[in-house]
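Reading through the structure tokens given below for one structure.
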Amino acid sequence: MSHKLMRAAILALLASWPALSQAQVEKLSEAELAKYRADLPAVLDATQITPLKGQLQRLVAKDTPEAKLALANALRVANDLKGATGNLPLAYYAVPAMSELQRLPDAYPLDGKAMSPVTIIAAQDEYEAGSFVVYPFSTLGKIKFELGAFKTSDNKIFPKENLDLKFVKVWYQNGNGWYSYFGDTGLKLTPELLLNDEDLIKVDTKKVQNYARLTEKDGKVSYDWITPPLAFDNRYEEHYRHTSSFRPMMENFADAKTLQPVALNDGEFKQFFLTANVTDKIQPGLYSGEVRLFKDKEQVGTIPVMLKVLPFKLPEPKAYFDTSKDFLVASYNYTSFALIAEENGGDLQLAEKQILAVFKNLKAHNQTLHWVRGKPYDYEYFRQIELLKEAGMKTDPLLAGGNIQGTDGNELLMSRAARLDKKYNMEKLGHNNVFVGYGDEPGAGWVMKARPVFEAYQKEGFKFIIAGNKTVFFKAGYLYDFFNNAKAPEDSSAPEPWNQVGKAWVAWYAVHHVGPENPAFNRRQYGIAPYLANYSALCNYAHHFGSYNDRSTTYKPMVFAYGSYDGVIDTIQWEGFREGIDDIRYATLLKTLAQKGAASENLEVQYAARQALQFFAELDPASSNMNTARLEMINQILKLRKMLQEK
Numbered sequence: 003m004s005h006k007l008m009r010a011a012i013l014a015l016l017a018s019w020p021a022l023s024q025a026q027v028e029k030l031s032e033a034e035l036a037k038y039r040a041d042l043p044a045v046l047d048a049t050q051i052t053p054l055k056g057q058l059q060r061l062v063a064k065d066t067p068e069a070k071l072a073l074a075n076a077l078r079v080a081n082d083l084k085g086a087t088g089n090l091p092l093a094y095y096a097v098p099a100m101s102e103l104q105r106l107p108d109a110y111p112l113d114g115k116a117m118s119p120v121t122i123i124a125a126q127d128e129y130e131a132g133s134f135v136v137y138p139f140s141t142l143g144k145i146k147f148e149l150g151a152f153k154t155s156d157n158k159i160f161p162k163e164n165l166d167l168k169f170v171k172v173w174y175q176n177g178n179g180w181y182s183y184f185g186d187t188g189l190k191l192t193p194e195l196l197l198n199d200e201d202l203i204k205v206d207t208k209k210v211q212n213y214a215r216l217t218e219k220d221g222k223v224s225y226d227w228i229t230p231p232l233a234f235d236n237r238y239e240e241h242y243r244h245t246s247s248f249r250p251m252m253e254n255f256a257d258a259k260t261l262q263p264v265a266l267n268d269g270e271f272k273q274f275f276l277t278a279n280v281t282d283k284i285q286p287g288l289y290s291g292e293v294r295l296f297k298d299k300e301q302v303g304t305i306p307v308m309l310k311v312l313p314f315k316l317p318e319p320k321a322y323f324d325t326s327k328d329f330l331v332a333s334y335n336y337t338s339f340a341l342i343a344e345e346n347g348g349d350l351q352l353a354e355k356q357i358l359a360v361f362k363n364l365k366a367h368n369q370t371l372h373w374v375r376g377k378p379y380d381y382e383y384f385r386q387i388e389l390l391k392e393a394g395m396k397t398d399p400l401l402a403g404g405n406i407q408g409t410d411g412n413e414l415l416m417s418r419a420a421r422l423d424k425k426y427n428m429e430k431l432g433h434n435n436v437f438v439g440y441g442d443e444p445g446a447g448w449v450m451k452a453r454p455v456f457e458a459y460q461k462e463g464f465k466f467i468i469a470g471n472k473t474v475f476f477k478a479g480y481l482y483d484f485f486n487n488a489k490a491p492e493d494s495s496a497p498e499p500w501n502q503v504g505k506a507w508v509a510w511y512a513v514h515h516v517g518p519e520n521p522a523f524n525r526r527q528y529g530i531a532p533y534l535a536n537y538s539a540l541c542n543y544a545h546h547f548g549s550y551n552d553r554s555t556t557y558k559p560m561v562f563a564y565g566s567y568d569g570v571i572d573t574i575q576w577e578g579f580r581e582g583i584d585d586i587r588y589a590t591l592l593k594t595l596a597q598k599g600a601a602s603e604n605l606e607v608q609y610a611a612r613q614a615l616q617f618f619a620e621l622d623p624a625s626s627n628m629n630t631a632r633l634e635m636i637n638q639i640l641k642l643r644k645m646l647q648e649k
């Protein structure tokens, strides 16, 4: 990254600080802790839950900073449970899945609703998550979490296989975790991984280190230290990136297929994600279900869930300024057979299976385009295209490399190379609607010298994609088909000149790069912010698979999801990315309906349509509550669909 881009990124971080500061972990002052402690006698008198009363009495006997905070948390929970009676072993809170708050073991859920149902509202063809936090009144040991049946009042059943319950693992990330993609030498606890087996990663809070559990075929278990200083543990391979000696995509490192029992420790908050995959085959309605908690075979708790399936299907995302223009969703990546094989111990056959799992995971997270590495005559180039098709991703258009003859080549060589590339694509791909990556963050001189290359390849129907700054526009704005602008996603001035020319798709990158774990921030950054700023694509840097070691120098490893034997371990920031694209999909549907309604001859319909358009005009992508904005979009979609008699 250039120094100019780094300065721009730092300035953007400072400019966004007011919003980011909301993501701070709550810090209670000594006076606040003392006030909670002073309330203890009254709370003890009012508390009618025997295990909770016992917890309060145990905590008051201790005088450490940790015990003071634990007592304050317990008192707040007790206040939330006023009127409850009996021998409840725990409390639960329904919380927003997309939240600025870091859900740490000692962090009271400020935005939670105690003993309330987990709610999920989703359209057809959407993945949507609900979340809850569990707080035990004593150490309960390993607790099994089991999904009950989800059904409507008229006995429609939501398929259990379309529900995915996972534990949010808190582990050590570098000192900038949650807030930035810049590196830091220290480590801090950060919520990130979505796991089925919480013990796959062991976190040692005394040593401040992470360890990966490795299980061999003979059942032998060992633990690999995965957070050493980088100078102690580097592995150099055939590609230019280097990583640690830990190879996470080997057979000995795999998550469980379903959620395993989770340890509930006295006074520790633990978060869970429940994701519903609502296909277009699932009938609309309100599905009621529950999460059942078991200690051995005894049921110790029930968490109700309400899942609302909306009566419409989400469309593919379109640009805000032109609802006929596809909003393209891609990312820079280094996914190749060779790279994956490095991570799995050199097994190319396994690498193909793992890349297919990666592609399916991309599709499930709304990324429908993948930048294919290699040349049109390479085996890997067309094998990756076959796997993309198998995963349901788009291959028309295709983002890819090409056998580009550079500016030192003569016109005949460039034309010949372009014709050959087209021939390969037509034979194997069936079209030549291909965006070719050629050059990166170029200066003015390079752009001018490259004009003959553009002409030779564009004559054969190729398109060009590049990343850079305003220099590219001034020298070749009329030539490029896809431009990644080193600007902030909310900066509407960045895509404006490109949109006036009207040819290129425009994405943002670098401000911020991939890295912050905050799901609400990622949702905003990849969703409504670039949409309302009139970008027409996403292609940030970068969707890496590694490293598990977040110790870094200038930058974090920039990870959306982590590689494993089964392909992918998801993260809460990756869920935020998906949610952002879904915001664009909801907005696309509402904008399309509003445009149709505005052309109606019915004045009442016109008013409703213009109210929807005004909603977009008033929506502030930097500060608006996106959970509320989503609900308002749903409300207006339902209203306009009814008025327009949409089926």
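For the sequence shown, our numbering assigns the number 649 to the last residue and increments by one with no breaks.
Here a beta-carbon is modelled for each residue, glycine too, at the ideal position from N, C-alpha and C.
- Distance between A469 and W510, taken at the CA atoms: about 9 Å.
- Distances from the CA of P67 to each of L83, S31, L90 and F617 were compared; the closest alpha carbon is that of S31.
- In the DSSP assignment, D226 forms a beta bridge with A214.
- Straight-line spacing of the CA atoms in A44 and A36 works out to 14 Å.
- The Cβ neighbour count for L288, taken over all protein chains shown within 10 Å, is under 16; the residue is labelled exposed.
- When beta bridges are read from the DSSP output, M416 appears opposite no residue.
- The alpha-carbon separation between T192 and A74 amounts to approximately 22 Å.
- Spatial neighbours of Y588 in its own chain (CB-CB distance under 8 Å, excluding positions within 5 residues in sequence) are listed in chain order as A125, L316, R632, M635, I636 and I639.
- Sequence-distant partners of A600 (beyond 5 residues in either direction) whose C-beta falls short of 8 Å from its own C-beta, in its chain, are Q608, A611, R612 and L615.
- Residue ranges of uninterrupted beta strand (DSSP E) with 3 or more members, entirely inside the segment 246-284 and ordered along the chain, are 264-266 and 272-280.
- Considered as a whole, the segment 101-126 harbours 120-126 as its complete beta strand (DSSP E) runs of no fewer than 3 residues, in chain order.
- K598: member of the alpha helix (DSSP H) spanning I574 to A600, first to last residue.
- Per the Cβ contact rule, the segment 159-173 is in contact with the segment 269-283 (3 or more Cβ pairs under 8 Å).
- By the C-beta density criterion, F234 is exposed, having fewer than 16 other C-beta atoms within 10 angstroms.
- By the neighbour-count definition (other C-beta atoms within 10 Å, threshold 16), I159 is an exposed residue.
- The residue among N176, M645, L61 and Y482 with its C-alpha nearest the C-alpha of S602 is M645.
- Among the bridge pairs identified by DSSP, M308 is matched with T121 and S290.
- Nearest in C-alpha terms to S566, of all of T573, E270 and D257, is D257.
- DSSP lists V172 as the beta-bridge partner residues of P193.
- DSSP places V360 in the helix class (H, G or I) of the three-state scheme.
- Taking 8 Å as the upper bound for CB-CB distance, D442 and R525 are not in contact here, some 28 Å apart.
- Among the bridge pairs identified by DSSP, G88 is matched with I51.
- The three-state reading of DSSP puts F562 in coil, since its state is none of H, G, I, E or B.
- In the displayed model, L295 falls within a strand according to three-state DSSP.
- H433 and K355 have their C-alpha atoms some 26 Å from each other.
- When the beta-carbon positions are compared, L142 and E292 stay at least 9 Å from each other.
- If the five residues before and after L358 are omitted, its C-beta is found closer than 7 Å to the C-beta atoms of L389, E392 and A393, all from its own chain and listed in chain order.
- Sorting A512, M628 and I342 by C-alpha distance to the C-alpha of P491 places A512 at the top.
- With respect to the 9 Å criterion, K430 and F384 are classified as neighbours on the basis of their beta carbons.
- For G348, there is no enclosing alpha helix (DSSP H), as DSSP marks it with neither H nor E.
- Leaving aside the five residues that flank E382 on each side, the residues in its chain whose CB is nearer than 6 Å to its CB run, in chain order, F339 and G376.
- With respect to the C-alpha of A93, the residue from K64, V79, D282 and T154 having the closest C-alpha is V79.
- DSSP places E388 within a helical segment (H, G or I) once states are collapsed to three.
- One alpha carbon belongs to P532, the other to L350, and they sit about 38 Å apart.
- The segment 574-581 makes contact with the segment 547-566: 3 or more CB pairs, one atom from each, lie closer than 8 Å.
- Take M428, set aside five residues on each side of it, and the residues of its chain with a beta-carbon closer than 7 Å to its own are N434, in chain order.
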